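Below is one structure, written out as structure tokens, with a few remarks after it.
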Amino acid sequence: MKTCFAAFLCLCGLAARPAAAQVSISAQVSQTDVAIDDQIALSVTVSGPDASLPEPKLPALSNLSIYDSGRSQNLSIVNGQVSSSIVYTYVVIPRAVGKAVIPPISVTDHGRTFRTEAITLNVHRPQAGMTGAAAMPRRAARRPQPPQGGQGQPDAFVAAQVDDQKPFVNQQLTLTVRFYTAVSLLQSPQYQPPQTEGFICEDLPPERHGQATIHGRAYYYSEIKTALFATQPGPLTIAPASVRALLPQAMPVDPFSGDFFNRFFQQGLSGGRVLELRSKPITVDVQPLPKTGKPRDFSGAVGRFSISDDIDHARLKTGEAATLTVTVSGEGNLKSIAAPALPQIAQLQAFETVSSLSFDKKNDVLRGSKSFKTVLVPRVSGRATIPPVHFSYFDPVRRAYVEARTSPIALDIAPGAAAAAAAGPAPSSPRSVAAVSSDLRYLKTAPLRGKTTRFLQAMAAAGPLNAMPFVVFLGALGLSLYRRQALLDPAGTRSRGALRVAQARLRQAEAASEAAAAAQLSDALTGYLADKLGRSAHGLTAKRVQELARARRPDAPGPLIEEIRTLWEELDMRRFSPSSGHHDLEELADRLDALLRRLEREVFS
Amino acid sequence: MKALLLLLALCPAARAQSAAGAQRLYDQGDYAAAAVQYRALAYKEPREAAWRYDLGNCLYKSGQLGRAIASYQRAFDLAPRDGDVRFNLAFALRRAGEDLVPAGVPPLLFVAFNVLSAAELAGLHWLGCWLTLLLGAWFLAQPKRRGLLSPCLIAAAALWLIAGSWWALRSWIEPSELGVVVVSTAELRSGPGEAFDVSFTVPEGRRVEVLSKQGDWLEVGLAKQGAKGFVRADAVEIP
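Going down the list, the sequences are from chains V and B. Each residue of the first sequence is one higher than the one before, starting from 1 at the first, in the working numbering. Each residue of the second sequence is one higher than the one before, starting from 606 at the first, in the working numbering.
Structure below.
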């Protein structure tokens, strides 16, 4: 989010226009004294505080021909302020001797119009002895040779031809249209260029003139060339070019004869003849670009190109801007070349790419260069490398795709000042952490599990062991219930535990001394009977026990009740007069054990 | 490989050395070799999230997005509180066209709900169970100390209840078994065999719920898309 916000601020900065800043326009020519049909360069510069500037409007020019020759743009960001300028270059060719004026050239921005000063040119005839290509045809045109044979040949005609019948898509195709005349024209002919649907056209100035002899007849001709770039494969037709010319009536007039003026005025009186001359249509078979071997980054460039890159300064600080210029040079339709894709550079933030175009048409071939300027702002310090920029094109001569690439550029980036590091137009904004790239986080070099996690994982994996607390709890619950029951019914509890207590005393008696053993056996019997009868053992007599036992179980066997009394008295005797051996005690213990079991079963059940 | 595993089992110091060696291989860019070592460590210590996380990094760097996500998912299941694990899983899932936090769920709620792993929740549940029952037994056995034991017993019972409810809720909401597509495009067929038509295709790295297993085929479902079908078992890795 912070990155987006920073980028937003930067973009806002690029788009921001200070209120005081405005567009300016200026124009200049390479020379103001120029011979007729010679060429001069007109440069129109539009500057302003914006990356996108309006295009100037050329006024109507009289006696001057003007041709587009490309443009170049410069963009700079200084302290977050954007400024740019575009230089439009034109080729101007004078058509008449005398003063020629280039009127003010205007540009309109946000409703306001800015204009250049008018430029006055002094157009003169070519100097004596000059043998320029432009001068000769004109002189020759004024003095066409008289017909020399060639009977049956037309006085004037238009011919069109192309230099290649099977060009590739976007390959330059030169169309030449010639207007031939063997007679003097009564006024300037009107040329109508051909319809070229399916082609992108580019004029190839200047208009040329010359002489030619065709089938024995001498002609003066004017030639206009146009560069065509097919936009689609398949057959494409160039429609006829037409010339509307006013020729003299068909009567023998020799411009070089002595009575030329007499005949000329005669013709003027009788009027000329208007001819609508047309060339033949031309059909070319445009070849598609081969599909095999087409590079991934191919964007349609056809011709012969090279690519280079440059940066205005390779040592800079974070937040400072550097301009990377990638230039594609060569022959071909430079206007259609798209910006080569810049590789992603994590340490650098790339801003809007602007292009500038510069080309010439020497020898009727479009060549020049197209530059792409990208402002790069380092986000982090350190060394950074701008990888090679790739550019692919199709070479129609080799009939193959070619991949050109630039050389890598190393940048040395030092930490910038706090104000500059904002890398945007808001130097007062607080510095923030900026995301440079996104990648996985690094390895864990130590185990993550702590003791608590290990313990909890072990608890979770304990399995059946986790049943243990349930067992413990159930045991405690049972014990608790037992105790609760004992509190509520102490007599019953005492009665139910009587045999267990008595048997415990019997076991204790086995290990005790003779005197103690007799006492234990006696206490076992009296204790058992007291517990069963719910009485205190103290003061309980054998007779009373018999009575209570009979009362409890009237159908109890008589010998069993009598055995109680017998054993009671024997045990008392042994307890208080220990004279018999230990062997008798064991027998008494066995008898007591048997008695207790029988009582439990037959009397107290 | 067996010898390496045996060595790891015998000597913890060797494990640490192996981790360091794997880290060196990773730093040198030999991700495949590093992955082999981290996989051995993860095999030895299946409950240790770090090795799964590191293995995920190696797999991601070597271009195995699906297997990397499966490894990160396992690490996340083991250590959901670790920020790096969560980040890398979300990072890899984004590349596979999926988000870690389900749509419509506030991220904070997602983090809070997954602050404890399922194993930790189960452990807390059993810990609460032990404490509650043992304190309860003591409570029953020692009536005289009930005043002292009551707050502890209530706290233990609360722990048991909360952890148990949380664990049950997680088990109910989350897929019983999660799988990750590890081939570039997995074809979901209408039945367990090549003879059935392909109903859907699922890209690599997408998490699916494994519903059943039938031989070499898994029945999987994508709840969000409402898709269900059979896919070859080797096309899906279960973390």
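Ideal placement from N, C-alpha and C gives every residue a C-beta, glycine not left out. Only a predicted model underlies this, so the values are computations on that prediction, with no experimental measurement involved.
Asked: Quick check on DSSP: helix, strand or coil for T318 of chain V?; Found: coil
Asked: Would you verify that the beta carbon of P469 of chain V is, or is not, closer than 8 Å to some beta carbon of chain B?; Found: yes
Asked: Taking the C-alpha atoms as reference points, what is the distance between K291 of chain V and A301 of chain V?; Found: 14 Å
Asked: Could you list the residues in the stretch 705 to 727 of chain B with a C-beta less than 9 Å from some C-beta on chain V, going in chain order?; Found: L721, S722, A723, A724, E725, L726, A727
Asked: Would you mind stating whether A118 of chain V and A156 of chain V have Cβ atoms separated by less than 8 Å?; Found: no
Asked: Please state the DSSP three-state secondary structure of A140 of chain V.; Found: Per-residue confidence for A140 of chain V stands at a pLDDT of 37, beneath the threshold of 50, marking its modelled position as unreliable; no derived number is given.
Asked: Considering only residues of the same chain and omitting the five flanking positions on each side of E824 of chain B, which have a CB-CB separation below 6 Å?; Found: L816, S817, F835
Asked: DSSP beta-bridge partners for Y90 of chain V?; Found: V:L42, V:D68
Asked: Given that L479 of chain V touches chain B, what residues does it touch there, using C-beta distances under 8 Å?; Found: L745, A746
Asked: For S817 of chain B, which beta-bridge partners are listed by DSSP?; Found: B:E824
Asked: Scan the stretch 739 to 770 of chain B for residues whose Cβ lies nearer than 9 Å to a Cβ of chain V and list them as they occur along the chain.; Found: L739, G741, A742, W743, F744, L745, A746, P748
Asked: Which residue comes first and which comes last in the alpha helix (DSSP H) that contains D689 of chain B?; Found: 688 to 700
Asked: Does the beta carbon of D659 of chain B sit closer than 8 Å to a beta carbon anywhere in chain V?; Found: yes
Asked: So the candidates are V:L499, V:Q171, V:P154; which of them puts its Cα closest to the Cα of H215 of chain V?; Found: V:P154
Asked: How long is the line joining the alpha carbons of A761 of chain B and V501 of chain V, rounded to whole angstroms?; Found: 40 Å
Asked: Considering only their Cβ atoms, is the gap separating V803 of chain B from R672 of chain B smaller than 8 Å?; Found: no
Asked: DSSP has Q192 of chain V in a bridge; who is on the other side?; Found: V:S242
Asked: In three-state terms, what does DSSP make of P748 of chain B?; Found: helix
Asked: How is the beta strand (DSSP E) around S222 of chain V delimited, first residue to last?; Found: 217 to 230
Asked: Identify whether A832 of chain B lies in helix, strand or coil by the three-state DSSP scheme.; Found: strand
Asked: Report buried or exposed for V375 of chain V, applying the criterion of at least 16 other Cβ atoms within 10 angstroms of its Cβ.; Found: buried
Asked: Starting from I413 of chain V, trace the beta strand (DSSP E) in both directions and tell me its first and last residue.; Found: 409 to 414
Asked: Within 8 Å, do at least three Cβ pairs link the stretch 404 to 414 of chain V to the stretch 355 to 374 of chain V?; Found: no
Asked: So the alpha helix (DSSP H) E613 of chain V belongs to, where does it begin and stop?; Found: Residue 613 of chain V cannot be examined here, being either before or after the span of chain V that is shown, 1 to 605.
Asked: For the beta strand (DSSP E) containing K616 of chain V, name the first residue and the last one.; Found: The question about residue 616 of chain V has no answer, for chain V in this structure spans 1 to 605.
Asked: Can you tell me whether N363 of chain V is buried or exposed? The criterion is at least 16 other CB atoms within 10 Å of its CB, across all chains shown.; Found: exposed
Asked: When Cβ atoms are compared, which residues of the stretch 433 to 460 of chain V fall closer than 9 Å to chain B?; Found: S438, D439, L440, R441, Y442, L443, K444, T445, A446, P447, L448, R449, T452, T453, R454, F455, L456, Q457, A458, M459, A460
Asked: Enumerate, from N- to C-terminal direction, the unbroken beta strand (DSSP E) stretches of 3 or more residues contained entirely within the stretch 307 to 367 of chain V.; Found: 315 to 317, 322 to 332, 348 to 360
Asked: For a cutoff of 8 Å on Cβ pairs, would you count K689 of chain B as touching chain V?; Found: Contrary to the premise, residue 689 of chain B reads as Asp rather than Lys in this sequence. Interface residue, yes.
Asked: Can you pull the chain B neighbours of V472 of chain V, defined as C-beta to C-beta under 8 Å?; Found: L738, L739, A742
Asked: With respect to the alpha helix (DSSP H) encompassing L514 of chain V, which residues constitute its N-terminal and C-terminal limits?; Found: In the sequence as displayed, the identity of residue 514 of chain V is Glu instead of Leu. First-last of the alpha helix (DSSP H) with E514 of chain V: 514 to 533.
Asked: Please state the DSSP three-state secondary structure of I200 of chain V.; Found: strand
Asked: Kindly list, in the order they appear in chain V, the residues whose Cβ is closer than 8 Å to that of Q633 of chain B.; Found: Under the 8 Å cutoff, chain V gives no residues; its nearest Cβ is about 13 Å from Q633 of chain B.
Asked: For chain B, check one thing: does any of its Cβ atoms lie closer than 8 Å to the Cβ of A647 of chain V?; Found: A question about residue 647 of chain V goes unanswered here, because the residues of chain V that appear run from 1 up to 605.
Asked: Compare the beta carbon distance of F229 of chain V and Q172 of chain V with 8 Å and say whether it is the shorter of the two.; Found: yes
Asked: Would you kindly work out how many angstroms separate the C-alpha atoms of L477 of chain V and E703 of chain B, rounded to a whole number?; Found: 53 Å
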